[in-house]
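Asks: Encoded as structure tokens, here's the structure I'll be asking about.
There are 2 protein chains.
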Amino acid sequence: MSRMEIFGIEGIGEIHAGDDLAALIHEASSSSTDTMLIDGDVLVVTQKIVSKAEDRLVAIDPTDPLSHKPLVERESVRILRRRGDLIISETEHGFICANAGIDLSNVESGWAALLPVDSDRSARRIRDGLRHRFNVDVAVIISDTFGRPWRRGVTDVAIGCAGVAGIVDLRGTPDALGREMHVTEVAIVDELAAAAELVMGKSTNIPVAVIRGADPTWLRDGSVADEIVRSPSDDLFR
Amino acid sequence: MSRMEIFGIEGIGEIHAGDDLAALIHEASSSSTDTMLIDGDVLVVTQKIVSKAEDRLVAIDPTDPLSHKPLVERESVRILRRRGDLIISETEHGFICANAGIDLSNVESGWAALLPVDSDRSARRIRDGLRHRFNVDVAVIISDTFGRPWRRGVTDVAIGCAGVAGIVDLRGTPDALGREMHVTEVAIVDELAAAAELVMGKSTNIPVAVIRGADPTWLRDGSVADEIVRSPSDDLFR
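If you're matching them up, the sequences are chains S and X in order.
Per our numbering, the very first residue in the first sequence carries number 35; after that it's consecutive.
Per our numbering, the very first residue in the second sequence carries number 35; after that it's consecutive.
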């Protein structure tokens with residue numbers, strides 16, 4: 035029977051520029067036998083600590099609530115919508131989100147956190163660090179919290195991945211009644227990011243979660259940039 | 035430490051109009067001590083079996099691959115986009131999805147499955163059945179598979195819920211650095227639906243999954259129609 039387990043990794047602490055995330059995650063997860071990483075685990079790491087480790091913090095005026103807005107314009111390649119202070123734009127990565135993914139929560143006052151330059155690469159770096167230096171073969175997803183049109187509320191999605199497929203293509207797989215299916219390209223990397231968020235919460239100190247029991251066929255080279263980001267020409271809503 | 039478990043319920047079998055889903059789910063889950071339901075579980079039930087039990091099947095011409103298209107028009111209150119055979123439209127529930135949520139996979143040839151009339155009510159009916167007749171207090175989510183703009187691939191989302199919040203409002207909750215957060219209304223009901231899909235798959239016979247270990251504060255009266263569906267006036271993309 036298919037069964038998965040999701041748990042958070044506690045005790046990672048504040049992250050600073052240059053920190054070695056693979057080492058810190060390995061150390062925190064190894065502090066308890068309950069959370070020790072094993073081959074085949076999928077690690078979901080929030081963008082915030084990746085941006086901090088990669089020194090993607092930019093100084094802003096803490097007395098001006100709109101001081102990050104010029105940054106939003108700079109980090110956007112296309113503005114889709116404006117309403118009041120809210121800007122929905124496309125980043126150079128091809129993500130469409132509020133404020134170009136720039137975040138002020140869980141960042142010290144006077145600083146704004148930009149998205150990582152290349153989150154697939156960030157995921158690969160953590161995965162390679164764990165594999166080569168700590169001898170554990172896990173997949174890594176970098177997650178962020180995005181809104182979406184038509185539905186209220188935010189959900190976590192993947193902005194980068196390594197060692198796990200972005201999309202699992204079930205096109206042509208017979209359905210339970212044996213008929214050929216039409217299109218079912220499941221964005222499992224986004225479903226994994228959403229699942230992880232359920233144990234991380236927003237105001238707790240759990241920036242990393244582990245999903246254990248993922249289908250082994252999902253664990254191949256993957257990329258959010260190549261598989262998930264929809265090209266404008268293929269997009270009906272841009 | 036926060037820890038969740040997700041597993042599928044097997045052995046539910048083909049569903050027919052009038053079937054008692056609460057009884058069938060209870061019977062299948064009780065067939066093994068590993069899957070027995072307990073208070074506080076969140077049950078995720080795919081739309082397909084709900085539509086079948088509620089007799090939402092409509093006959094179509096099995097020799098004509100476009101014979102469901104008039105149904106799509108009928109079930110839509112607004113067409114947003116057309117490309118080739120694909121119609122993205124708004125249903126009377128306020129969902130925006132491909133082909134008005136009408137599905138031909140996992141349905142016998144010559145039939146199309148419409149969405150339930152009121153999936154919050156469908157969820158409530160299953161929850162009440164399990165509570166009153168089988169004495170187990172679980173939350174219920176009805177899930178369906180939707181595409182989304184800007185990102186490739188489909189993910190499962192909630193189209194109805196009972197006994198679980200649609201949105202958990204973290205506005206004003208201090209973040210990990212003790213500062214007030216701006217807006218973090220998390221659509222946990224969609225994250226739960228996405229998580230459940232990971233153990234259900236598309237071509238296997240697992241129409242129901244259980245999420246165990248949900249935060250007890252999430253388990254209150256909830257509604258997808260009231261909490262998740264964004265009103266057109268509040269929507270920047272309609």
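All C-beta atoms, glycine included, are put in the ideal place defined by N, C-alpha and C.
Could you check what DSSP says for D178/S in three-state terms: helix, strand or coil?
Replies: Here residue 178/S is taken as the residue at index 144 of the first sequence, counted from 1. It is a strand residue.
Asks: Any C-beta of chain S sitting closer than 8 Å to the C-beta of G42/X?
Replies: As a working mapping, residue 42/X is identified with position 8 in the second sequence. Yes, because at least one Cβ of chain S sits closer than 8 Å to the Cβ of G42/X.
Asks: Beta-carbon of N61/X versus every beta-carbon of chain S: anything under 8 Å?
Replies: If you number the second sequence from 1, residue 61/X lands on position 27. The identity of residue 61/X in the sequence shown is Glu, whereas the question assumes Asn. No, no contact with chain S.
Asks: Less than 8 Å separating the beta-carbons of G256/X and V198/X?
Replies: Along the second sequence, one-based indexing puts residue 256/X at 222. Along the second sequence, one-based indexing puts residue 198/X at 164. Closer than 8 Å, so yes.
Asks: Would V244/X pass as a contact of L71/X if the rule is Cβ separation under 8 Å?
Replies: The count along the second sequence starts at 1 and reaches residue 244/X at position 210. The count along the second sequence starts at 1 and reaches residue 71/X at position 37. Taking 8 Å as the Cβ cut-off, V244/X and L71/X qualify as a contacting pair.
Asks: When burial is assigned at 16 or more other CB atoms within 10 Å of the CB, is P241/S buried or exposed?
Replies: Reading the first sequence from its first residue, position 207 is the one you call residue 241/S. The residue is buried, with at least 16 neighbouring Cβ atoms inside 10 Å.
Asks: Can the beta-carbon of R161/X be found less than 8 Å from the beta-carbon of A173/X?
Replies: Looking up residue 161/X in the second sequence gives position 127. Looking up residue 173/X in the second sequence gives position 139. The answer is yes: Cβ separation under 8 Å.
Asks: Using a C-beta cutoff of 8 Å, does A221/X count as contacting chain S?
Replies: Position 187 of the second sequence, counted from the first residue, corresponds to residue 221/X. Output row for A221/X: interface = yes.
Asks: CA-CA distance, K82/S and G144/S?
Replies: Taking the first residue of the first sequence as position 1, residue 82/S is located at position 48. Taking the first residue of the first sequence as position 1, residue 144/S is located at position 110. Approximately 16 Å between the Cα atoms of the pair.
Asks: For E231/X and chain S, any beta-carbon pair shorter than 8 Å?
Replies: Here residue 231/X corresponds to residue number 197 of the second sequence, with the count starting at 1. Interface residue, yes.
Asks: From P96/S to K103/S, what distance separates their C-alpha atoms?
Replies: Residue 96/S sits at position 62 when you count from the first residue of the first sequence. Residue 103/S sits at position 69 when you count from the first residue of the first sequence. P96/S and K103/S: Cα-Cα distance of roughly 13 Å.
Asks: In chain order, what residues of the region 176 to 209 of chain S put their CB closer than 8 Å to some CB of chain X?
Replies: T179, R182, P183, W184, R185, R186, G187, V188, T189, D190, V191, G200, I201, L204, T207, P208 and D209
Asks: Strictly below 9 Å CB to CB, what residues from chain X border M38/S?
Replies: The residue given as residue 38/S occupies position 4 in the first sequence. Correct list: M38, E39, I40, F41, A229, L232 and V233.
Asks: Considering only residues of the same chain and omitting the five flanking positions on each side of E124/X, which have a CB-CB separation below 7 Å?
Replies: Taking the second sequence and counting its residues from 1, one reaches residue 124/X at position 90. Answer for E124/X: S110, V111, R112, L114 and I130, listed in chain order.
Asks: Could you check how far apart the C-beta atoms of R158/S and A196/S are, in whole angstroms? I think they sit under 8 Å.
Replies: Here residue 158/S refers to the residue found at position 124 of the first sequence. Here residue 196/S refers to the residue found at position 162 of the first sequence. That pair is a contact at about 4 Å.
Asks: Could you please give the first and the last residue of the uninterrupted beta strand (DSSP E) stretch that includes D190/X?
Replies: Sequence index remark: in the second sequence, residue 190/X carries index 156 (1-based). Counting along the chain, the beta strand (DSSP E) containing D190/X begins and ends at T189 to A196.
Asks: Nearest to A56/X by alpha carbon, out of R182/X, G118/X, L164/X and P99/X?
Replies: The residue you call residue 56/X lines up with position 22 of the second sequence. Checked all of R182/X, G118/X, L164/X and P99/X; the closest Cα to A56/X is L164/X.
Asks: Compare the C-beta of F168/X with all C-beta atoms of chain S and state if any pair is closer than 8 Å.
Replies: In the second sequence, counting from the first residue as 1, residue 168/X sits at position 134. So, not an interface residue.
Asks: Can the beta-carbon of N133/X be found less than 8 Å from the beta-carbon of V106/X?
Replies: Stepping through the second sequence from its first residue, residue 133/X is reached at position 99. Stepping through the second sequence from its first residue, residue 106/X is reached at position 72. The answer is yes: Cβ separation under 8 Å.
Asks: Answer yes or no: does any C-beta atom of chain X fall closer than 8 Å to that of I262/S?
Replies: Counting from 1 along the first sequence, the entry for residue 262/S is found at position 228. Answer yes: the Cβ-Cβ gap between I262/S and chain X drops below 8 Å somewhere.
Asks: Determine the DSSP secondary structure at G52/S, reduced to helix, strand or coil.
Replies: Here residue 52/S refers to the residue found at position 18 of the first sequence. The answer is coil: DSSP assigns G52/S none of H, G, I, E or B.
Asks: State buried or exposed for T9/X, treating a residue as buried only when at least 16 other CB atoms are found within 10 Å of its CB.
Replies: Any answer about residue 9/X is impossible in this case: the structure gives chain X only from 35 up to 272.
Asks: What did DSSP end up calling M38/X once you bin it into helix, strand or coil?
Replies: As a working note, residue 38/X is residue 4 in the second sequence. Strand, per DSSP.
Asks: By Cβ distance, which residues of its chain are closer than 8 Å to I222/S, with the 5 residues on each side in sequence left out?
Replies: What you label residue 222/S is simply residue 188 of the first sequence in a count that begins at 1. So the list reads V198, A199, G200, I201, V202 and W252, once near-sequence residues are dropped.
Asks: In the DSSP assignment, find the unbroken beta strand (DSSP E) run with S156/S in it and report its ends.
Replies: In the first sequence, residue 156/S corresponds to position 122, counting from 1. Premise fails: S156/S lies in the alpha helix (DSSP H), S153 to F168, not in any beta strand (DSSP E).
Asks: Using the Cβ count rule (16 or more neighbours within 10 Å means buried), how would you classify R108/S?
Replies: Translated into the one-based positions of the first sequence, residue 108/S becomes position 74. It counts as exposed.
Asks: If you reduce the DSSP assignment to three classes, tell me which class L114/S lands in.
Replies: The sequence position of residue 114/S within the first sequence is 80, counting from 1. Collapsing the DSSP output to three states places L114/S in a strand.
Asks: When you compare only the Cα positions, how much space is there between S85/S and L148/S?
Replies: As a working note, residue 85/S is residue 51 in the first sequence. As a working note, residue 148/S is residue 114 in the first sequence. Taking the straight line joining both Cα atoms gives about 7 Å.
Asks: Give the single residue among S156/S, A93/S, A192/S and I46/S whose Cα lies nearest to the Cα of A228/S.
Replies: Reading the first sequence from its first residue, position 194 is the one you call residue 228/S. Nearest option by C-alpha distance: A192/S.
Asks: Nearest by alpha-carbon distance to M38/S: which of G47/S, G74/S, G235/S and T179/S is it?
Replies: Along the first sequence, one-based indexing puts residue 38/S at 4. Checking every option, the nearest Cα to that of M38/S belongs to G74/S.
Asks: Quick check on W184/X: does DSSP put it in helix, strand or coil?
Replies: Position 150 of the second sequence, counting from 1, holds the residue named residue 184/X. The answer is coil: DSSP assigns W184/X none of H, G, I, E or B.
Asks: In angstroms, rounded to a whole number, what distance separates the CA positions of D154/S and S36/S?
Replies: Counting from one through the first sequence, the residue named residue 154/S turns up at place 120. Counting from one through the first sequence, the residue named residue 36/S turns up at place 2. Spanning the two alpha carbons is a distance of roughly 28 Å.
Asks: Indicate whether at least one CB of chain X lies closer than 8 Å to the CB of E225/S.
Replies: Sequence index remark: in the first sequence, residue 225/S carries index 191 (1-based). At a cut-off of 8 Å, the C-beta of E225/S has a neighbouring C-beta in chain X.
Asks: Thinking C-beta only, is R116/X closer than 8 Å to W184/S?
Replies: Working through the first sequence from its first residue, we reach residue 184/S at position 150. Working through the second sequence from its first residue, we reach residue 116/X at position 82. Against a cut-off of 8 Å, the Cβ pair of R116/X and W184/S comes out as no contact.
Asks: Quick one: grab the DSSP three-state call for S3/X.
Replies: For chain X, the structure presents residues 35 to 272; residue 3/X sits outside this window and is missing.
Asks: Name, please, each residue of chain X whose Cβ falls closer than 8 Å to the Cβ of L71/S.
Replies: The residue labelled residue 71/S in the question sits at position 37 within the first sequence. Here the premise fails: no neighbours, minimum Cβ distance about 15 Å.
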